[in-house]
Ligand code: PEP
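Residue numbers (the working numbering): 293 to 548.
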């Protein structure tokens with residue numbers, strides 16, 4: 293399967309931004325700009341905005357996602373939200389293993405795997421994030437780090453469940469820094485991810501897998517990044533908070 297058959301997914305990660313009024317405004321600005329997109333469009337909003345976002349996007353081509361979920365279905369986990377709770381709201385996507393979760397909230401490859409399996413049980417589409425730190429890149433161990441993250445995150449996942457998985461390659465040094473991986477760097481690591489998935493499952497599963505790049509993607513650099521065969525879309529932080537910028541990236545993915 294070629295890139296053109298996989299179809300692109302552009303997902304916005306709003307992080308801890310926007311109240312409900314801003315959520316309505318941003319979505320109403322975005323709707324007309326992306327209504328003829330030839331790719332999947334997802335916005336991952338804070339938990340408190342999920343219901344607002346679901347109401348505002350009802351009947352449109354914009355899908356709604358959360359930015360995390362817990363691995364247990366219910367119980368004494370103060371402050372956590374389960375995959376089933378997201379499903380019940382009508383949420384279709386969840387980001388897991390974002391580097392900010394790993395860095396600030398002690399997320400590990402193993403807890404990412406637990407959360408991922410819980411999300412898959414509820415039939416959510418998972419955007420699982422992997423990526424190396426600057427130190428790891430400079431020490432020449434990017435592919436080892438990313439391979440380990442992928443292997444652990446996908447442990448005990450079935451071939452069938454892989455249909456609900458998207459991998460986002462997000463070099464930590466490029467997130468929110470304005471520093472982007474070159475298109476060749478992004479393509480190289482996305483290619484490594486596809487190879488690792490092919491080793492764990494088979495070539496067919498790896499060719500069907502959507503792999504996004506994330507890390508300071510914006511309207512200026514998206515064409516080059518998205519033109520690469522192994523880069524099937526983007527996970528967009530900062531630029532997803534401006535309707536015009538996010539829509540420009542959606543346009544680029546629709547063309548590429
Ligand atoms: C992200 O948070 O996943 C991200 C890629 O952020 P930014 O686009 O701001 O670098």
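Glycine included, every Cβ here is placed at the ideal spot set by N, Cα and C. None of the values given here were measured: they were computed from a predicted structure.
Buried or exposed by the 16-neighbour rule on C-beta atoms within 10 Å, applied to residue 544: buried
Reduced DSSP category for residue 540 - H, G, I as helix; E, B as strand; rest coil: helix
Short Cβ contact (8 Å threshold) for residue 457 with residue 501: yes
Beta strand (DSSP E) runs contained entirely in the segment 372-436, provided each spans 3 or more residues: 385-388 and 417-422
Any 3 or more C-beta pairs closer than 8 Å across the segment 407-417 and the segment 470-485: no
Proximity test, residue 362 beta-carbon vs ligand 1 heavy atom, cut-off 7 Å: no
7 Å Cβ shell around residue 405 - same chain, five flanking residues per side excluded: 444, 445 and 447
Beta-carbon gap between residue 385 and residue 354 smaller than 8 Å: no
heavy atom of ligand 1 below 7 Å from residue 498 C-beta: no
Beta carbon of residue 540 nearer than 8 Å to that of residue 322: no
beta-carbon residue 508 near ligand 1 non-hydrogen atom, thresh 7 Å: yes
Residue nearest to residue 494 in terms of C-alpha spacing, selected from 451, 513 and 461: 451
Three-state secondary structure assigned by DSSP to residue 365: coil
Beta bridge counterpart(s) of residue 460 as assigned by DSSP: 421 and 504
Sheet register partners of residue 305 (DSSP bridge): 336
Residue 527, enclosing beta strand (DSSP E) - first and last residue: 525-528
Cβ-based neighbour list, residue 400, same chain, cut-off 8 Å, excluding 5 preceding and 5 following: 394
Alpha-carbon to alpha-carbon, residue 334 and residue 504: 13 Å
Rounded straight-line distance, which links the Cα of residue 522 to that of residue 442: 16 Å
Sub-8 Å separation of residue 463 and residue 475 beta-carbons: no
Heavy atom of ligand 1 within 7 Å of residue 462 beta-carbon: yes
Three-state secondary structure (DSSP) of residue 443: helix
Beta-carbon proximity list for residue 315, same chain, < 8 Å, skipping 5 on both sides: 337, 341, 344, 345 and 348
C-beta contact flag for residue 375 and residue 361 at 8 Å: yes
Per-residue DSSP class, three states only, for residue 358: strand
Beta-carbon contacts of residue 330 that lie in its chain and below 6 Å, excluding the five residues immediately before and after: 546
Segment limits, alpha helix (DSSP H) that includes residue 295: 295-298
Neighbour-count burial assignment, residue 403, 16 or more Cβ in a 10 Å radius: buried
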